[in-house]
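These protein sequences, in sequence, are chains A and B.
Using the numbering used here, the first residue of the first sequence is number 282, and each one after it goes up by one.
Using the numbering used here, the first residue of the second sequence is number 13, and each one after it goes up by one.
We treat Cβ as the ideally placed atom computed from N, Cα and C, and that holds for glycine.
Down below is the structure, laid out as structure tokens.
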Amino acid sequence: MIGVLAAASLLRHRARTALAVAGVAVSAAMVLDMVMLSTGMRESFRSLLERGGFQVRVGPRGAMPFDGEATVGGGAGLLDTLRAIRGITMVAPVLGATLHAPQPGGAVAAFALGVIAGSQGDYVLQEGHEAVADGEVVLNDPMLAAVRRRVGDTLTLATGYDPQLRTFSGGRTLRIAGRVRFRYLAADQRGAALPLATLQAMGGDARRDRLSLVMLRVDPAADVEAIRAGIDAALPRVSALSTATALQQAEQRLSYFRQLAFILGSISLVVGFLLVTTIVTVSVHERVGEIAVMRAIGVSRRHVVQQVVLEGLVLSLAGSAGGLALGLVTARWLDSILATFPGLPESVDFFLFQSIPALAALGMLVLTGLAAGAIPAWRAATLPVAATLRREAVA
Amino acid sequence: MPRSPIRSLSFRARSVALPALSHALLAVLPARAQVAPPAAPPPARHATIALDARLATDAGIRLGDLVVVAAAPGIPGDTLRVAAFVRRGADPSEVARAEYRVRMHLADLQRVLGYGDRVDRFAIATRDSAATTRAIAGINAAAFGFRAHRSRDIAIETSRTFAVISRFHKAIGVITIGASAIFLLCIMLMKVEERRRDVAALRLVGLSAASVVRAVVIEAALVSVIGSGAGVVLGAVASRLVNAWYQQLYRTPLTFSLVTPGIVGFAVALSVVLGLAAGVLAARRLVRTPPLALLGR
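Shown next as structure tokens:
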């Protein structure tokens with residue numbers, strides 16, 4: 282009975298109800314998007330960092346991995362020290378550099394990684410085999426396209442360019458052993474990977490025995506944070522970052538988006554609340570005579586409250602359902618905009634749908650709708666019956 | 013008790029890495045917390061350094077203090093006297109970066125880094141745009157191993173990140189405008205429907221449908237203008253709060269939210285247009301209904 286009366290009240294003004302549902306849907310979509318934005322970045326980065334199976338990253342002290350061109354000297358000694366730490370099951374050294382491929386139309390530059398095949402976590406092999414032997418290199422699709430080569434071809438790469446003499450230094454002809462996809466590079470960024478020793482040798486004295494980063498795989502039974510803190514305390518030249526601390530630093534840099542998400546999500550909730558309150562209040566105001574008659578013939582206050590609250594709830598539920606669909610569409614649109622950030626790894630999503638936070642956000646909007654209906658419901662239940670009937674009869 | 017010129021700083025025994033004028037990293041150690049001695053005994057007059065004001069605050073460094081600057085932690089460096097503190101500029105690219113920056117005399121930095129007589133870039137001031145064009149052409153034609161770029165082109169290249177953020181903000185703005193339009197239409201519809209009986213009475217005494225539409229539209233315009241005024245005040249207050257919050261959070265003078273006459277004009281115009289459109293729609297719906305039906309008969 283309550284449901285029928287609430288439905289009749291909403292259907293009496295179809296255009297208004299449709300607009301109210303649309304308004305709540307836009308608010309719900311915004312709330313959902315902002316929840317996806319605030320939780321998505323963290324989860325996306327966590328997934329990216331954990332994808333290679335390494336829990337600790339060791340780099341030059343004071344710098345984020347590959348945030349500049351800083352490297353650590355004495356690489357071999359550092360690797361021995363790290364391998365000796367209990368609980369570390371794999372040590373994967375990485376040296377970063379810019380390589381130049383002299384081409385007829387000008388040199389093509391690429392970001393290059395010197396790694397040890399078999400223990401690296403930076404790329405996924407897509408064709409051919411890893412660059413295991415000295416003189417081999419693997420390239421990603423943008424680099425292969427830029428130098429117009431295929432797997433099996435040879436390519437001359439150089440580590441340096443002397444602008445004074447306009448000559449390349451550290452040049453070497455390498456065989457393309459495979460085609461790979463780099464986990465941490467942007468979709469259009471050119472990349473190459475070659476054996477660590479080869480890249481160090483090509484770099485000459487400047488890169489001899491130097492490393493940009495060492496990734497560590499830790500025994501599942503070991504305490505990752507204890508190992509990280511131990512390295513940080515014992516080795517003054519390097520900083521150790523666990524996935525948790527790396528996430529903290531990444532979050533610090535992206536805190537703007539998290540805070541923007543909080544502010545816009547809160548505003549959307551307030552807008553949804555105001556919309557439902559306004560609609561239900563006006564609806565009650567229009568029906569004061571009807572409500573007074575119901576009260577006069579013995580309908581209880583509780584019944585009146587339930588009917589009015591139900592109206593607000595129906596508006597919120599319908600709006601939230603529409604908002605879920607709308608939110609997913611707008612999230613994809615907004616994500617496509619942020620995905621164009623220069624240098625952003627291809628696999629990072631700013632908006633990530635996770636059912637529990639998304640449902641919690643929409644549930645919060647529904648609760649807001651319930652609260653919004655409560656105010657006019659109380660007003661309807663406490664109407665002075667006789668005075669209202671007299672006023673309405675005169676009108 | 014007189015303060016020692018070389019301050020003992022116990023807050024952090026470890027060094028702080030600093031991206032300097034070049035892309036190299038420097039380590040600044042409070043003089044007594046250093047882990048390695050300076051390469052040579054400090055001269056009577058120390059060279060000077062300007063420190064990031066945030067570093068000075070965090071490390072408790074004061075003007076006149078001596079600091080040891082090295083190219084990497086644990087290696088000998090130079091002892092310099094802190095001559096100035098600098099606030100970082102309003103550069104969006106630095107906002108979310110926690111690293112400190114220092115300013116050194118070029119020769120001092122070249123010596124500390126072992127950079128020789130090298131520089132990363134020159135900045136050249138010109139009289140006007142035509143002179144800039146001539147200078148760029150001249151340098152690129154004659155110089156060996158250099159490439160000159162117009163500052164504007166570099167700014168465009170380095171501001172790609174902010175172009176993305178700007179597009180993101182615009183997209184959020186489009187969604188917000190959609191929500192506002194629906195809200196406004198809803199409110200206008202309800203306001204007009206509240207007046208059903210009044211409109212019916214006016215129509216029955218001979219007022220034309222056009223007059224009713226005009227009255228409703230004028231009312232909608234007034235509501236929009238008043239609402240816009242309140243919105244401008246609310247927006248200005250919110251903008252100040254946003255700036256105050258983010259500026260203290262990131263310790264930057266950067267303006268995050270800017271309310272300009274153009275933005276106010278756009279917001280008011282949009283709101284009035286939306287209000288008028290909502291008023292026209294609602295009024296047309298009302299005048300199409302027969303007056304007696306509006307009275308419920």
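Straight-line gap, residue i to residue j (C-alpha atoms, nearest Å)
i: R671(A); j: I637(A); result: 51 Å
i: T362(A); j: H58(B); result: 39 Å
i: L376(A); j: Y258(B); result: 36 Å
i: I578(A); j: R613(A); result: 53 Å
i: A248(B); j: V271(B); result: 6 Å
i: G484(A); j: S450(A); result: 8 Å
i: L605(A); j: S283(B); result: 27 Å
i: I560(A); j: A213(B); result: 25 Å
i: Q529(A); j: G340(A); result: 16 Å
i: N152(B); j: G126(B); result: 28 Å
i: G358(A); j: M371(A); result: 16 Å
i: M366(A); j: R123(B); result: According to the sequence displayed, residue 366(A) carries Ile and not Met. Cα-Cα distance, rounded: 37 Å.
i: R159(B); j: R146(B); result: 14 Å
i: T264(B); j: D103(B); result: 9 Å
i: R293(A); j: K203(B); result: 16 Å
i: A84(B); j: S493(A); result: 14 Å
i: T173(B); j: A110(B); result: 18 Å
i: V574(A); j: A668(A); result: 11 Å
CB contact below 7 Å: residue i versus chain B
i: G304(A); result: yes
i: P657(A); result: no
i: P383(A); result: no
i: L300(A); result: yes
i: R460(A); result: no
i: I512(A); result: no
i: R297(A); result: yes
i: I618(A); result: yes
Identity of the residues DSSP links to residue i by a beta bridge
i: M496(A); result: R338(A) and A373(A)
i: I61(B); result: V94(B) and M116(B)
i: T435(A); result: R456(A)
i: S520(A); result: G340(A)
i: F392(A); result: T379(A) and G472(A)
i: N421(A); result: V461(A)
i: Y442(A); result: F449(A)
i: G409(A); result: G459(A)
i: L78(B); result: R93(B)
i: V353(A); result: L492(A)
Cβ-based burial, residue i [other Cβ within 10 Å; buried from 16]
i: L556(A); result: buried
i: I230(B); result: exposed
i: D486(A); result: exposed
i: L304(B); result: exposed
i: R568(A); result: buried
i: E408(A); result: exposed
i: E592(A); result: buried
i: H35(B); result: Caution applies to H35(B), whose pLDDT of 34 falls short of 50 and renders its modelled position unreliable; the model cannot decide the point.
i: S581(A); result: exposed
i: E331(A); result: exposed
i: V666(A); result: exposed
i: F326(A); result: buried
Integer Cβ distance of residue i from residue j, believed to fall under 8 Å
i: A391(A); j: R471(A); result: 4 Å
i: V79(B); j: I73(B); result: 7 Å
i: L475(A); j: A393(A); result: 7 Å
i: D64(B); j: Y112(B); result: 4 Å
i: A289(B); j: L201(B); result: With 8 Å as the limit, A289(B) and L201(B) do not qualify as a contact, their Cβ atoms being about 12 Å apart.
i: S308(A); j: A279(B); result: Not confirmed; about 19 Å, so no contact.
i: V316(A); j: A652(A); result: Contact flag wrong, Cβ pair sits at about 19 Å.
i: S549(A); j: V312(A); result: 5 Å
i: R509(A); j: T526(A); result: 7 Å
i: G677(A); j: L425(A); result: The structure shown has nothing for residue 677(A), since chain A only spans 282 to 676.
i: L619(A); j: F180(B); result: 6 Å
Test: residue i CB closer than 7 Å to a CB of chain A
i: A183(B); result: yes
i: M202(B); result: yes
i: R263(B); result: no
i: T173(B); result: yes
i: F97(B); result: no
i: I194(B); result: yes
i: A191(B); result: yes
i: G11(B); result: The structure shown does not extend to residue 11(B), since chain B is modelled only from 13 to 309, so the question has no answer here.
i: F278(B); result: no
i: V176(B); result: yes
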